[in-house]
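Residue numbers (the UniProt record's numbering), protein chains in the order written: chain A, 1 to 247; chain B, 1 to 247.
Encoded as structure tokens, the structure appears first; notes follow it.
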């Protein structure tokens, strides 16, 4: 068997998230069905770097699977894209080491979050950004973001219903870039807890429109209480941008 | 009765076009249903500057309707948007002269057409641009576009199944702008025939990848034969951008 690693992109709008669920349209199911077609009816299971929730997008999700076929690596995207719906694309593929694991071997991830900051919503961006009509104080938001950089217990920035015990993670960057009427949040870290990016963005937006101080972010990091952080920002602004591995 | 003119925007992806058709989801039907709710069950009919086809978008479509209500003009978008689905937005409203007519009084229109010119398609732009993977010679396309400027019989650039007799129109501009991996076609004219923008763009793209010469556009304008122009570009790249009136 050969282990193949692929970088894939998907528009999360019409999916009930990445992971297979009964009677739901999921990214994993579509990929497994495409692989089954390519393998003439044989089941092939897929492992991703991590799940994404309903409505969340991926520019550079990484998956792996095993196949008896050894076609040129560049043929894998063509073969799979021919069987996939148009909201999932395989961007590239490579033959990986036999023990490569898309989830266990990640060394870091980058997420981006896109906010349309304008008085009115935009019909063309409604599924691909969050809309915030308030004026935002970007400097204050950047001050607040600075507290998050480094190694912290991110318990306050994690959905309450999680089973993960160790909530210490390291963030390398929390950048906020302004592009015309949009804010782009760029977060890079060695790992992310459930809903962590969306809670961080939701909290920074609350700093931006004056509902909380920049320093309240530091407080939340110290108390580790979910209630001390802000609301979870909506899914449609979030993109899993890239996944890093050591090789 | 008061005549109200509105500028509206819609994402054409999930509509069977602008105009009401039996058992189809159309922009006109959604707006008339919203107006009916605002008018407590009373039917209100809507007139637009023109139709758009299935999948075609509008940034600045203009509509008019009549109402017994005389609320401040700025309240109309709020009242209607509260009743509209999120792929249609009323951007602004004003009280017009009683004889204002959104279709008959247009003096010009601007359409834009967005092409993603990249090897691979992009899941996030698949409904909002056409994808062209070939390399395009922009200079040749601009040469070809220059022939179209001015007053011509555009019969070759009109869908065959049209009932319009006078096919002479004036184009003021056919600009092609490059934005990163996209081409934006901007067409301004005093009026447009059925499918005219999509046939012009389809023809210019054929010039761009060398299927035809720039001069072939001049030939098509002279012969007036549909077969002498190129294929109709797909709907999802097209935007009705703005509509002009004399007042």
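All residues carry an ideal CB built from backbone N, CA and C; glycine is no exception.
Requested in this report: Kindly say whether residue 53 of chain A, judged by its beta-carbon, lies nearer than 8 Å to any beta-carbon of chain B.
Outcome: Residue 53 of chain A is outside the set of residues whose beta carbon lies under 8 Å from a beta carbon in chain B.
Query raised in the report: Between the region 13-35 of chain B and chain A, which residues of the former have CB atoms less than 9 Å from a CB of the latter, in chain order?
Result: none
Query - C-alpha gap between residue 153 of chain A and residue 144 of chain A, whole angstroms - result: Spanning the alpha carbons of residue 153 of chain A and residue 144 of chain A requires a straight line of approximately 16 Å.
Query raised in the report: Closest to residue 42 of chain B by CA distance: which of B/32, B/102, B/51 and B/49 is it?
Result: B/32
Query raised in the report: Taking the C-alpha atoms as reference points, what is the distance between residue 187 of chain A and residue 146 of chain A?
Result: 12 Å
Report task. Below 8 Å on the Cβ atoms is my guess for residue 156 of chain B versus residue 87 of chain B; work out the distance and round it to an integer in Å. Result -> Incorrect: roughly 34 Å between the Cβ atoms, too far for contact.
Report task. Compare the C-beta of residue 128 of chain A with all C-beta atoms of chain B and state if any pair is closer than 8 Å. Result -> yes
Report task. Mind checking the region 91-125 of chain A against chain B and listing, in chain order, the residues whose C-beta falls within less than 9 Å of any C-beta there? Result -> Residues of the region 91-125 of chain A whose Cβ lies closer than 9 Å to any Cβ of chain B, in chain order: 91, 120, 121, 122, 123 and 124.
Query raised in the report: Which residue or residues does DSSP assign as beta-bridge partners of residue 179 of chain B?
Result: B/182
Query raised in the report: How would you list, in chain order, the residues of chain A whose beta-carbon sits under 8 Å from the beta-carbon of residue 134 of chain B?
Result: Those within 8 Å of residue 134 of chain B in chain A number zero; the least Cβ separation is about 17 Å.
**Report entry** One or two residues paired with residue 242 of chain A in a DSSP bridge
**Finding:** A/110
Query raised in the report: By how many angstroms is the C-alpha of residue 70 of chain B removed from the C-alpha of residue 34 of chain B?
Result: 17 Å
Query raised in the report: Would DSSP call residue 148 of chain B helix, strand or coil?
Result: helix
Query raised in the report: So, do the region 125-134 of chain A and the region 19-33 of chain B have three or more beta carbon pairs nearer to each other than 8 Å?
Result: No, the region 125-134 of chain A does not touch the region 19-33 of chain B.
Report task. Would you kindly report the start and end of the unbroken beta strand (DSSP E) that includes residue 60 of chain B? Result -> 57-67
Query raised in the report: Alpha carbon to alpha carbon, what distance is there between residue 170 of chain A and residue 133 of chain B?
Result: 40 Å
Report task. Taking residue 27 of chain B and residue 36 of chain B to be in contact with their CB atoms under 8 Å, please state how far apart those CB atoms are, rounded to whole angstroms. Result -> Contact between residue 27 of chain B and residue 36 of chain B does not hold, since the beta-carbon distance rounds to 15 Å and is not under 8 Å.
Query raised in the report: When DSSP labels each residue in this structure, what does residue 118 of chain B get in the three-state scheme?
Result: coil
Query raised in the report: Name the chain A residues whose beta carbon is nearer than 8 Å to that of residue 186 of chain B?
Result: Within 8 Å Cβ-Cβ: nothing; residue 186 of chain B doesn't reach chain A, min ~17 Å.
Requested in this report: Could you tell me whether the Cβ of residue 89 of chain B comes closer than 8 Å to any Cβ of chain A?
Outcome: yes
**Report entry** Where residue 190 of chain B sits in the DSSP three-state scheme
**Finding:** coil
**Report entry** Cα-Cα separation, residue 202 of chain B to residue 213 of chain B
**Finding:** 13 Å
Requested in this report: Measure the C-alpha to C-alpha separation of residue 109 of chain B and residue 141 of chain B and round it to an integer number of angstroms.
Outcome: Distance between the alpha carbons of residue 109 of chain B and residue 141 of chain B is about 22 Å.
Report task. Can you tell me which of the three DSSP states residue 132 of chain A falls into? Result -> strand
Requested in this report: Report the neighbours of residue 216 of chain B on chain A: residues whose CB is nearer than 9 Å to its CB, in chain order.
Outcome: For a Cβ distance threshold of 9 Å, nothing in chain A lies close to residue 216 of chain B: the least Cβ distance comes to about 32 Å.
Query raised in the report: Among A/216, A/226 and A/120, which residue has its Cα nearest to the Cα of residue 193 of chain A?
Result: Comparing Cα-Cα distances from residue 193 of chain A to each of A/216, A/226 and A/120, the minimum goes to A/226.
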